[in-house]
Amino acid sequence: MEPGTQVRAIEIRLAQPAPRVRYEKGKPVKEPAPDMTRVVRALEGEVTAALQDLYGTQTGVVLTVAKANDIRLSGTFAEKAGVVRERVGEVLSLAFEGLELGGE
Numbered sequence: 000m001e002p003g004t005q006v007r008a009i010e011i012r013l014a015q016p017a018p019r020v021r022y023e024k025g026k027p028v029k030e031p032a033p034d035m036t037r038v039v040r041a042l043e044g045e046v047t048a049a050l051q052d053l054y055g056t057q058t059g060v061v062l063t064v065a066k067a068n069d070i071r072l073s074g075t076f077a078e079k080a081g082v083v084r085e086r087v088g089e090v091l092s093l094a095f096e097g098l099e100l101g102g103e
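In terms of numbering that gives the first Met the number 0, the sequence shown opens at residue 0 and continues consecutively.
#1: What does the alpha-carbon distance come out to for the pair Ser92 and Met35?
#2: Report the rounded CA-to-CA distance for Gly25 versus Pro18, giving the unit in angstroms.
#3: Please tell me whether Val60 and Ile9 are closer than 8 Å, where the distance is taken between their beta carbons.
#4: With Val87 and Leu50 assumed to form a contact (beta carbons below 8 Å), what rounded beta-carbon distance in angstroms separates them?
#5: Strictly by DSSP, which residues pair up with Ala77?
#6: Along the beta strand (DSSP E) that carries Ala8, what are the first and last residues, could you check?
#7: For Val46 versus Ala14, is the C-beta distance shorter than 8 Å?
#8: Are there any heavy atoms of the ligand MN lying less than 7 Å away from the beta-carbon of Lys66, as far as the coordinates show?
The following block contains the structure:
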């Protein structure tokens with residue numbers, strides 16, 4: 000997208016999950032959490048394309064890693080913010096279902 004052509008933006012903040020803890024022989028063993036940078040890279044293209052199909056190519060989409068999950072909107076959307084957030088959640092859910100990170 001060329002600078003200045005963005006009319007609205009959707010920022011999706013994904014939280015880094017806490018490592019899972021399992022117990023072996025009574026001792027806690029932390030399992031590594033997913034590399035969120037890889038997760039964001041894997042989701043970015045599909046999520047951006049799906050959201051731009053819904054809201055137009057003048058919609059900027061940014062995925063970032065944060066301390067808490069959040070969806071932030073800026074600019075004018077034809078739908079109310081709650082509806083847009085719900086649709087973004089649906090797009091993310093579908094993208095996570097098909098997520099293949101490979102090598103794990």
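We put the CB at the ideal spot given by N, CA and C, even for glycine. Quick caveat: nothing in here was measured; it's all calculated off a predicted structure.
Reading from the atomic positions:
#1: Taking the sequence shown and counting its residues from 1, one reaches residue 92 at position 93. Taking the sequence shown and counting its residues from 1, one reaches residue 35 at position 36. Near 16 Å, if we compare the C-alpha coordinates of Met35 and Ser92.
#2: Reading the sequence shown from its first residue, position 26 is the one you call residue 25. Reading the sequence shown from its first residue, position 19 is the one you call residue 18. The straight-line gap from Cα to Cα measures roughly 18 Å.
#3: Within the sequence shown, the letter at position 61 stands for residue 60. Within the sequence shown, the letter at position 10 stands for residue 9. Yes. Within cutoff.
#4: In the sequence shown, the residue the question calls residue 87 occupies position 88. In the sequence shown, the residue the question calls residue 50 occupies position 51. About 7 Å; that satisfies the 8 Å criterion.
#5: Start at 1 with the first residue of the sequence shown, and residue 77 comes out as number 78. Note: Ala77 sits in no beta bridge, so no partner.
#6: Taking the first residue of the sequence shown as position 1, residue 8 is located at position 9. Note, Ala8: beta strand (DSSP E), 7-14.
#7: Counting from 1 along the sequence shown, the entry for residue 46 is found at position 47. Counting from 1 along the sequence shown, the entry for residue 14 is found at position 15. No, these two residues do not count as a Cβ contact at 8 Å.
#8: Questions concerning the ligand MN fall outside what the structure shown contains, since it holds no ligand whatsoever.
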